[in-house]
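*Asks:* First residue of the sequence shown? That's 3 in the numbering used here, and the numbers climb one at a time after it.
My questions will all concern the structure given below.
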Amino acid sequence: MTDVADAIVVGAGIVGAACADALAQDGWRVRVLERARPGGRATAAGMGHVLVLDDSEAQFALTRLGRDLWRARDWPPSVERDDCGTIWVAADDAEFDAARGKSEWYAARGVRTGLLDARALRDAEPELHEGLRGGLHIADDLVVHPPTATAHLLACARAHGALVEPLRSVRVVGDGNVELDDDTRLSAALVVVAAGLDTPRLLGHRPDALRIRAKKGHLVISDRAPGFVRHQLVELGYLKSAHGGTARSVAFNAQPRRSGQLLLGSSRQVDVVEPRVEHDMLAAMIARAMRFLPRIGSLPGLRVWTGLRPSTDDNLPFIGRLPDAPRTIVAAGHEGLGITTSLSTAKLVADLAADRTPCIDPRWFACDRSTAELAHG
Ligand SMILES: Cc1cc2nc3c(=O)[nH]c(=O)nc-3n(C[C@H](O)[C@H](O)[C@H](O)COP(=O)(O)OP(=O)(O)OC[C@H]3O[C@@H](n4cnc5c(N)ncnc54)[C@H](O)[C@@H]3O)c2cc1C
Numbered sequence: 003m004t005d006v007a008d009a010i011v012v013g014a015g016i017v018g019a020a021c022a023d024a025l026a027q028d029g030w031r032v033r034v035l036e037r038a039r040p041g042g043r044a045t046a047a048g049m050g051h052v053l054v055l056d057d058s059e060a061q062f063a064l065t066r067l068g069r070d071l072w073r074a075r076d077w078p079p080s081v082e083r084d085d086c087g088t089i090w091v092a093a094d095d096a097e098f099d100a101a102r103g104k105s106e107w108y109a110a111r112g113v114r115t116g117l118l119d120a121r122a123l124r125d126a127e128p129e130l131h132e133g134l135r136g137g138l139h140i141a142d143d144l145v146v147h148p149p150t151a152t153a154h155l156l157a158c159a160r161a162h163g164a165l166v167e168p169l170r171s172v173r174v175v176g177d178g179n180v181e182l183d184d185d186t187r188l189s190a191a192l193v194v195v196a197a198g199l200d201t202p203r204l205l206g207h208r209p210d211a212l213r214i215r216a217k218k219g220h221l222v223i224s225d226r227a228p229g230f231v232r233h234q235l236v237e238l239g240y241l242k243s244a245h246g247g248t249a250r251s252v253a254f255n256a257q258p259r260r261s262g263q264l265l266l267g268s269s270r271q272v273d274v275v276e277p278r279v280e281h282d283m284l285a286a287m288i289a290r291a292m293r294f295l296p297r298i299g300s301l302p303g304l305r306v307w308t309g310l311r312p313s314t315d316d317n318l319p320f321i322g323r324l325p326d327a328p329r330t331i332v333a334a335g336h337e338g339l340g341i342t343t344s345l346s347t348a349k350l351v352a353d354l355a356a357d358r359t360p361c362i363d364p365r366w367f368a369c370d371r372s373t374a375e376l377a378h379g
């Protein structure tokens, strides 16, 4: 393929890569423009936990489909897929009641879950603190390595004729056209903007309708300690901490890697874009983890990094056509779920692009939903 395209995808993080793959498989001649290195931004920082979540019906639909698509696909060994499942840890009776409620909610929607009492929790995860009340096991959640998954998706897109161009920076997106920093102008029947945090700027800032803010996060990876934890472990208070609206928060979130290492999260700082590691946040994260895994302090930490989650005001991504620019589809603002929901986002984008019946109700993710809400007070 040379210089032509039916569809231009701006941004080659995991969301852009998944969109490029889905569109190329549908027969679109796709051209991907990436400012830097594919998968090098939020995607490289992500933890790679692929999970269902129950914050809202919209979030459940997108995560459930996303997780199913991850499970249905053949991934090369480099993607380090691990079907380890999730255990949501309940510290006390109130959290255990919440776990029971979630278990019923999920079961009614066909998600495999199991309620663990204190003893079953300890049997499943012997390193956990013995005073914990129990847990909720979600068997079909998994863990992957996001940057190599992105590379694989781009390779699949290329195999279907896509042209992937790193080091091509887009200055501005119009309706069905883009202008690059080197003054090149390109046009196409469709432009998909999957530029993460940079998306609103490329579209000329729509501050009311399309606000995407940074939520900085820290992660630490330990030396090898195979079997120290066996499932992705998350405290049940995680969602409150993640979306509670506080400017800074930490929650216990520990992941076993195929390498035998332990990946530990997580922190959130709203509107912080400075990438440096902040030792007070790191200390708070580790102190929180020690309440659940008392011996975690004995594992040497090898590396710490930070990343910026692209987050929206209602914690749902924007996936849809711009009302005043119908040849432009936005796919951005996935906060802490962009790895999980990359494939379901891409399926929805491909459905919208082809004018097919969408796989999920697109109104939940419409770009003008905030404007509409504002209009209704
Ligand atoms: C600490 C942390 C932990 C996380 N853990 C998880 C997890 O366990 N599970 C999960 O599902 N999600 C997780 N996430 C969230 C997930 O990483 C993000 O939601 C996801 O990577 C967003 O992907 P994206 O493609 O939209 O954005 P990005 O990866 O940021 O990609 C956007 C791309 O657009 C490019 N771009 C920007 N501007 C331009 C331009 N002008 N021209 C051309 N290209 C441009 C950028 O260079 C970049 O490559 C985590 C995130 C963080 C930070």
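By construction, the Cβ of each residue, glycine as well, lies at the ideal position given by its N, Cα and C atoms.
Which value, in whole angstroms, describes the spacing of the CA atoms of V145 and A352?
*Replies:* Their backbone Cα atoms lie some 25 Å apart in a straight line.
*Asks:* Closest to L67 by CA distance: which of S261, R323 and L339 is it?
*Replies:* Here the closest residue by C-alpha is L339.
*Asks:* Measuring only from the beta carbon, is G198 closer than 6 Å to any heavy atom that is part of ligand 1?
*Replies:* Answer for G198: yes, Cβ within range of ligand 1.
*Asks:* Who are the Cβ neighbours of L301 in its own chain at under 8 Å, not counting the five residues just before and after it?
*Replies:* Closer than 8 Å at the Cβ level, and outside the excluded window around L301, lie S224, D225, A227, F230 and L264.
*Asks:* Rounded to whole angstroms, what is the Cα-Cα separation between A110 and R278?
*Replies:* Their Cα atoms are separated by approximately 44 Å.
*Asks:* Take R160 and list the residues in its own chain whose beta-carbon comes closer than 7 Å to its own, dropping the five residues that flank it on each side.
*Replies:* Hits under 7 Å: V166.
*Asks:* Below 8 Å on the Cβ atoms is my guess for A44 versus G309; work out the distance and round it to an integer in Å.
*Replies:* Confirmed, Cβ separation roughly 5 Å.
*Asks:* Starting from the Cα of L55, find the closest Cα among V34, F98, D142 and D370 and give me that residue.
*Replies:* Comparing Cα-Cα distances from L55 to each of V34, F98, D142 and D370, the minimum goes to D142.
*Asks:* Using CA coordinates, which residue listed in C369, S346, A22 and L35 is at the minimum distance from T186?
*Replies:* Residue L35 is the option with its Cα nearest to T186.
*Asks:* Excluding the 5 residues flanking R39 on each side, which residues of the same chain have their C-beta closer than 7 Å to its C-beta?
*Replies:* Closer than 7 Å at the Cβ level, and outside the excluded window around R39, lie P168.
*Asks:* In the DSSP output, which residue or residues are listed as bridge partners for G176?
*Replies:* N179.
*Asks:* For H139, does the three-state DSSP call read helix, strand or coil?
*Replies:* H139 falls in the strand class under three-state DSSP.
*Asks:* In the DSSP assignment, the beta strand (DSSP E) including L324 goes from what residue to what residue?
*Replies:* Element bounds for L324: F320 to L324.
*Asks:* May I ask you to check if the CB of H147 is nearer than 6 Å to at least one heavy atom of ligand 1?
*Replies:* No; taking the cut-off as 6 Å, the Cβ of H147 has no heavy atom of ligand 1 nearer than that.
*Asks:* Just curious, the beta strand (DSSP E) that D119 is in, first and last residue?
*Replies:* Run containing D119: T115 to D119, per the beta strand (DSSP E) assignment.
*Asks:* Using the Cα positions of L118 and R250, report the straight-line distance between them to the nearest angstrom.
*Replies:* Distance between the alpha carbons of L118 and R250 is about 31 Å.
*Asks:* With H, G and I counted as helix, E and B as strand and the rest as coil, what does DSSP make of R213?
*Replies:* Coil at R213, not helix or strand.
*Asks:* Determine contact between the region 279-295 and the region 215-224, defined as no fewer than three beta-carbon pairs at a distance below 8 Å.
*Replies:* Yes, the region 279-295 touches the region 215-224.
*Asks:* In chain order, which continuous runs of the alpha helix (DSSP H) of length 4 or greater are located wholly inside the region 225-282?
*Replies:* DSSP runs (the alpha helix (DSSP H)) wholly in the region 225-282: 240-245.
*Asks:* Would you kindly report the start and end of the unbroken alpha helix (DSSP H) that includes S344?
*Replies:* Run containing S344: S344 to A355, per the alpha helix (DSSP H) assignment.
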